[in-house]
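Below is one structure, written out as structure tokens; the observations come after it.
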Amino acid sequence: MDCNTVIKQLNQIAPERLACEWDNVGLLLGERTRKVKKIVIGLELTDEVAERAVLENADMIITHHPMLFSAIKRITDETPNGRRIIKLLQNKICYYAMHTNFDASEKGMAYLAAEKLGLDCIEVLDEEVIYQDETGKECKAGIGRIGQLKHPMTLEQFAQFVKQIFGNKVLTIYASKEQMYKMIHTVSIVPGSGKEYMDASIKKGADVLITGDINHHIGLDAMDLNFPVIDAGHYRTEQIFIAYMMEYLQKKLGDEVELIAIPVRDPFQVV
47 MDCNTVIKQL NQIAPERLAC EWDNVGLLLG ERTRKVKKIV IGLELTDEVA
97 ERAVLENADM IITHHPMLFS AIKRITDETP NGRRIIKLLQ NKICYYAMHT
147 NFDASEKGMA YLAAEKLGLD CIEVLDEEVI YQDETGKECK AGIGRIGQLK
197 HPMTLEQFAQ FVKQIFGNKV LTIYASKEQM YKMIHTVSIV PGSGKEYMDA
247 SIKKGADVLI TGDINHHIGL DAMDLNFPVI DAGHYRTEQI FIAYMMEYLQ
297 KKLGDEVELI AIPVRDPFQV V
């Protein structure tokens with residue numbers, strides 16, 4: 047099996063054309079004709095992921111976040127990305143990223159997160175796009191998902207539920223003390239960084255937004271709008287990528303390719 051065959055399988059679930067204009071997805075390093083017998087899957091192409099791929103004699107790395115977003119002027123061992131690129135080229139390892147195309151795809155990141163929460167009546171939150179998959183079936187893509195809780199609960203109870211689902215030790219909740227007793231029926235979720243989808247969540251009738259990377263000023267806006275926002279973390283809300291890709295590729299590629307998962311780790315410590 048070659049790299050291009052693997053890419054065709056990836057495009058069945060997350061066509062590259064669904065990516066945002068600013069994004070950089072697809073085969074970012076390597077040859078499409080490269081024979082693939084071992085694939086490393088991670089959320090980011092960190093030093094740990096690159097070193098593990100070399101150690102395992104992997105032929106390909108698949109990540110969610112692209113290592114390269116914009117043009118680079120030089121590739122040297124003086125920068126983290128430069129060192130990784132050199133390491134991958136020296137070891138003939140192909141590198142593929144599936145970012146906003148996987149976020150937006152019909153059964154991609156946002157859908158998986160909504161499903162993990164057990165939401166009913168799941169719909170696209172924003173920027174709905176209709177596309178055809180490889181079989182010609184019409185699919186609905188877009189950023190974020192919104193759905194109904196099977197069993198409504200207070201915001202305080204829901205926050206505890208979110209911690210359990212995504213494995214958070216702590217959560218940051220942008221809400222007043224009074225809002226913690228608000229009943230939550232409708233939930234919107236934008237895994238990763240989704241601070242710009244607060245207005246879309248309100249317009250669609252959500253009682254709360256779950257996302258990551260909420261900053262101080264966005265938090266103040268949420269308070270002023272009287273709209274609760276739960277920051278469950280960028281990594282925590284996207285860690286489902288690895289398990290999903292492992293399962294999907296195992297079904298599609300079978301025993302012909304060995305898959306190795308690199309666990310997600312938050313890039314910080316809570317003390």
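The numbers in the sequence shown follow this note's numbering, run straight up by one, and end at 317. All C-beta atoms, glycine included, are put in the ideal place defined by N, C-alpha and C.
In its chain, beyond the 5 residues on either side, 58 and 185 have a beta carbon closer than 7 Å to the beta carbon of residue 179. Considering only 48, 52 and 263, the residue with the shortest C-alpha distance to residue 295 is 52. Annotation: residue 126 is outside any beta strand (DSSP E); the continuous alpha helix (DSSP H) that includes it extends over 126–136.
Residue pairing for residue 173: DSSP places it in no beta bridge.
Counting along the chain, residue 66 sits inside no beta strand (DSSP E), nor does DSSP assign it H or E at all. Rounded to the nearest whole angstrom, the C-alpha separation of residue 62 and residue 188 is 13 Å.
Taking C-beta atoms as the reference points, residue 136 and residue 299 fail to come closer than 8 Å. Under the 10 Å beta carbon count, residue 101 is surrounded by fewer than 16 other beta carbons and is classified as exposed. A Cβ-Cβ separation of about 6 Å places residue 134 in contact with residue 75 under the 8 Å criterion. Below 8 Å, too few C-beta pairs join the segment 112–121 and the segment 247–261 to call them touching: fewer than three.
The segment 197–207 makes no contact with the segment 147–160: fewer than 3 CB pairs, one atom from each, lie closer than 8 Å. If you draw a straight line from the Cα of residue 290 to the Cα of residue 145, it comes to about 14 Å.
Residue burial is scored here from C-beta neighbours: residue 138 has fewer than 16 other C-beta atoms within 10 angstroms and is therefore classed as exposed.
Of the other Cβ atoms in all chains shown, 16 or more fall within 10 Å of the Cβ of residue 172; this residue is therefore buried.
Setting aside the 5 residues that flank it on each side, residue 50 is surrounded in the same chain by 78, each with a C-beta closer than 6 Å to its C-beta; the list follows chain order. Taking the C-beta atoms as reference points, residue 253 is found nearer than 8 Å to residue 228.
Separation of the CB atoms of residue 105 and residue 83 is rounded to 6 Å, and the pair is thereby assigned contact status at 8 Å.
DSSP, read as helix, strand or coil, puts residue 299 in helix.
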